[in-house]
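There are 2 protein chains.
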Amino acid sequence: MNKHEPMGRKLDLRNGRVDLSHGSGGRAMARLIADVFHAAFDNDWLRAGNDQAAFDIAAGRMVMTTDGYVVSPLFFPGGDIGKLSVHGTINDIAMAGARPLHMSASFIIEEGFPLADLCRIAQSMGEASRAAGVPIITGDTKVVERGKADGVFVSTACVGVAPAGLELSGDKARPGDTILLSGSIGDHGVAVMSKRENLSFETEVLSDTAALHELVAVMVEAAGPAIRLMRDPTRGGLAATLNEIAHQSKVGAHVEESAIPVAPQVAAACELLGLDPLFVANEGKLVAVVAAEAADSLLAVMRAHPLGRGSARIGEIVADEHGFVQMTTRFGGGRIVDWLSGEQLPRIC
Amino acid sequence: MNKHEPMGRKLDLRNGRVDLSHGSGGRAMARLIADVFHAAFDNDWLRAGNDQAAFDIAAGRMVMTTDGYVVSPLFFPGGDIGKLSVHGTINDIAMAGARPLHMSASFIIEEGFPLADLCRIAQSMGEASRAAGVPIITGDTKVVERGKADGVFVSTACVGVAPAGLELSGDKARPGDTILLSGSIGDHGVAVMSKRENLSFETEVLSDTAALHELVAVMVEAAGPAIRLMRDPTRGGLAATLNEIAHQSKVGAHVEESAIPVAPQVAAACELLGLDPLFVANEGKLVAVVAAEAADSLLAVMRAHPLGRGSARIGEIVADEHGFVQMTTRFGGGRIVDWLSGEQLPRIC
């Protein structure tokens with residue numbers, strides 16, 4: 001063996017399994033990282049083989065975020081944990097109006113996990129990161145004993161740059177502002193739940209997992225500081241997001257049920273599963289709170305983007321010292337939309 | 001209940017346990033994050049309650065890293081998973097000669113995990129991050145079902161800035177360079193293993209977990225570009241680090257066993273546990289490869305720093321097309337120090 005290629009035994013990527021030696025810091029780990037992760041993520045930062053990666057940056061405002069992913073099952077209609085871990089973390093950067101630059105990825109893998117599945121996840125992450133233009137430049141791999149994790153968990157972090165003069169924050173909503181939503185809700189949660197429960201529908205519901213930074217870029221260009229804040233309604237769904245905004249900004253919100261898009265097959269699945277789409281996670285949608293006078297033009301810009309085609313004006317911010325989110329129902333009645341209480345959908349992301 | 005404080009029921013931080021609702025995106029999660037993590041990490045970025053955090057930065061070279069922590073047991077002599085997850089990730093930034101700025105933390109928690117232990121870990125992280133001057137500015141919390149994880153896993157990421165003109169990298173070692181080590185080896189691995197195996201020694205071995213960025217700062221100031229590279233010998237120990245350097249730089253290394261500091265109680269524990277200290281993880285030590293003419297003065301600078309008091313010159317880089325790491329033993333014989341093969345110490349960090 002040439003010591004300048006100090007890799008462990010060639011991996012059987014088709015039938016092999018992860019074992020504890022793949023997390024040991026020795027040859028087997030070097031091989032796993034090279035054959036699975038470097039191959040899939042494919043960039044010179046990783047190939048340099050250092051424990052960190054460097055990049056040049058202009059002066060400005062930087063944004064940082066992290067998210068852990070424990071979705072079960074790992075593969076679901078429209079996506080998988082790898083794609084989700086790239087899109088979701090990019091979206092947290094994008095919600096600050098920022099441009100994502102670089103990502104890191106930390107893997108915690110259960111002993112016995114099939115290498116073929118790990119490759120599939122890594123390749124999906126690599127594709128998503130290339131499509132988004134956000135390379136995964138550094139990472140880490142740990143292996144725990146069988147029964148001490150559940151397949152694989154992924155934690156990603158991302159850094160980005162915010163445009164000068166734009167500071168979006170959850171506390172900036174003001175009474176009279178318009179609430180826009182970039183498309184239909186509930187798709188991701190229903191896709192995961194129907195796979196988990198082995199349900200099949202006439203029309204398969206696909207996760208909406210998507211990186212929203214390009215949609216955000218055109219929105220910021222068009223409306224700039226007229227945008228008060230953006231947020232992606234993931235865990236806890238649209239209901240949690242609206243309540244978070246009301247809480248942070250010390251305002252209320254008023255939405256129209258009939259204005260909130262829900263795909264017919266998602267509505268049907270929610271009924272079957274006993275779920276309320278308002279509480280179901282999304283992974284490719286955003287809520288924007290915007291000054292009323294800028295709402296029409298911003299809505300047009302959103303609808304012109306492939307990821308915002310289904311955008312809608314769903315309501316407005318109101319003064320309310322109690323911070324209630326109120327909804328006018330389809331039948332004209334009123335309803336308070338509270339936070340989710342308890343655990344509706346565990347491990348949805 | 002005041003809706004502007006939309007927290008779930010008050011947590012019983014003494015006797016309570018984490019349940020799935022704490023990962024749901026609802027009130028219970030908001031409460032957990034506020035009472036456990038915001039309380040412990042204590043900074044305005046977190047309290048702002050956004051899914052990302054922003055900070056201003058000057059133009060320059062930025063460094064990013066991530067690490068996952070799965071150490072078992074979670075609490076061990078001299079440290080715990082929280083402290084480790086702050087120090088280890090700071091050290092990966094420091095090994096680039098960079099100054100760490102900000103961290104993120106992602107928690108994956110097993111249902112049923114005691115809240116008191118989670119608080120203890122969070123407080124330990126908060127203390128370590130304040131002591132290091134590296135605030136944890138953003139984070140994420142997921143909860144998985146009982147039996148699907150092992151207590152808690154933590155993934156941290158860190159960004160930092162590298163001084164202009166300094167590019168340390170594993171491929172920069174050259175024949176004739178001197179290899180310096182900042183202190184005795186094996187302490188962390190032995191501390192964890194002795195706790196895991198319920199061993200007790202006359203003198204308890206404590207983990208060496210420490211943030212090395214201040215030691216690195218004085219080294220960089222003193223020797224600047226005479227430093228070729230630095231690396232912290234964690235998983236796989238000093239043996240893995242030397243082999244990585246030899247591999248990346250396409251050189252060999254020659255070290256003197258008698259020059260490598262090992263504390264007597266660590267040597268004794270290794271003998272008892274059947275471990276070779278060369279392969280045992282460290283969490284507060286660094287290896288520096290430095291131009292020979294700068295070695296003496298750099299060694300003096302290292303020894304003058306509290307975390308480098310035990311620094312030693314342990315060998316030199318040699319030309320070797322096979323990339324061997326060779327050691328002259330205490331008895332004058334020769335030995336090849338290979339990578340660790342297989343898994344010596346699972347879940348050591």
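Respectively, the protein sequence lines represent chains A and B. Take 1 as the starting number for the first sequence in full-length UniProt numbering and just add one per residue. Take 1 as the starting number for the second sequence in full-length UniProt numbering and just add one per residue. Every residue gets a Cβ at the ideal spot worked out from N, C-alpha and C, and that includes glycine.
- Counting along the chain, K195 (chain B) sits inside no beta strand (DSSP E); it lies in the alpha helix (DSSP H) bounded by residues 187-196.
- Cβ contact annotation for L340 (chain B) (same chain, cutoff 8 Å, sequence separation greater than five): G236, G237, A239, A240, F279, in chain order.
- Excluding sequence positions up to five before and after E214 (chain A), its CB lies less than 7 Å from no other CB in the same chain.
- In the DSSP annotation of this structure, T209 (chain A) is not part of any beta strand (DSSP E), being labelled neither H nor E.
- Between G139 (chain B) and F113 (chain B), the C-beta spacing is not below 8 Å.
- Note on N198 (chain A): under 16 other CB atoms within 10 angstroms of its CB, so exposed under the neighbour-count rule.
- Beyond the five residues adjoining it in sequence on each side, G310 (chain A) comes within less than 6 Å, by CB distance, of G183, S184, P261 in the same chain, given in chain order.
- Ranked by Cα distance from A300 (chain A), the options A:D320, A:E316, A:V218 are led by A:V218.
- With its beta carbon at least 8 Å from every one in chain B, G186 (chain A) lies outside the interface.
- The beta carbon of A40 (chain B) sits closer than 6 Å to those of A122, Q123, G126, all from its chain and outside the five residues before and after it, given in chain order.
- In the DSSP assignment, M95 (chain A) falls outside any alpha helix (DSSP H) and carries neither an H nor an E.
- Burial state of G315 (chain B) is buried, judged by a 10 Å Cβ sphere holding 16 or more other Cβ atoms.
- When Cβ pairs closer than 8 Å are counted between the two stretches, the segment 68-83 of chain B is seen not to touch the segment 24-34 of chain A, the count staying below three.
- Going by DSSP, I121 (chain A) is part of the alpha helix (DSSP H) stretching over 115-132.
- With respect to the C-alpha of F153 (chain B), the residue from A:A268, A:T65, A:I109, A:L180 having the closest C-alpha is A:I109.
- Relative to the Cα of V220 (chain A), the nearest Cα in the group A:D56, A:D12, A:T329, A:A98 belongs to A:A98.
- Using a Cβ-Cβ cut-off of 8 Å, D92 (chain B) counts as an interface residue toward chain A, since at least one Cβ of chain A sits closer than that to its own.
- Sequence-ordered contacts of the segment 221-252 of chain A with chain B read R231, D232, T234, R235, G236, G237, A240, N243, E244, A246, H247, Q248, K250 [C-beta pairs closer than 8 Å].
- Residues of chain B whose Cβ lies closer than 7 Å to the Cβ of A157 (chain A) are, in chain order, T66, S104, A157.
- K10 (chain B) counts as exposed, since fewer than 16 other beta carbons sit within 10 angstroms of its beta carbon.
- S297 (chain A) counts as exposed, since fewer than 16 other C-beta atoms from the protein chains shown sit within 10 angstroms of its C-beta.
- Below the 9 Å Cβ cutoff, chain A contributes V144, E145, G147, K148, A149 as neighbours of D150 (chain B), in chain order.
- At least one CB of chain A lies nearer than 8 Å to the CB of G60 (chain B).
- A straight line joining the alpha-carbon of H188 (chain B) with that of V205 (chain B) spans about 8 Å.
- A distance below 8 Å separates the beta carbons of Q52 (chain A) and M64 (chain B).
- Pairing M62 (chain B) with V216 (chain B) gives a Cβ-Cβ distance that is not under 8 Å.
- DSSP places T241 (chain A) within a helical segment (H, G or I) once states are collapsed to three.
- DSSP lists B:V287, B:A312 as the bridge partner or partners of L181 (chain B).
- Per the C-alpha coordinates, the member of A:L181, A:E321, A:G186, A:A226 positioned closest to K250 (chain A) is A:E321.
- Around the C-beta of S200 (chain B), fewer than 16 other C-beta atoms lie within 10 Å, and the residue is accordingly described as exposed.
- Within its own chain, the residues whose Cβ lies closer than 8 Å to the Cβ of A226 (chain B), once the five positions on either side in sequence are excluded, are V290, A291, E293, A294, L298, listed in chain order.
- A distance of 8 Å or more separates the beta carbons of H247 (chain A) and G333 (chain A).
- The beta carbon of A128 (chain B) is closer than 8 Å to those of G82, K83, V86, H87, A211 in its chain, skipping five residues each way along the sequence.
- P100 (chain B) sits in a strand when the DSSP states are folded into three classes.
- Among the CB atoms of chain B, none fall inside 8 Å of the CB of S85 (chain A).
- Interface criterion not met: the Cβ of F76 (chain B) is under 8 Å from no Cβ in chain A.
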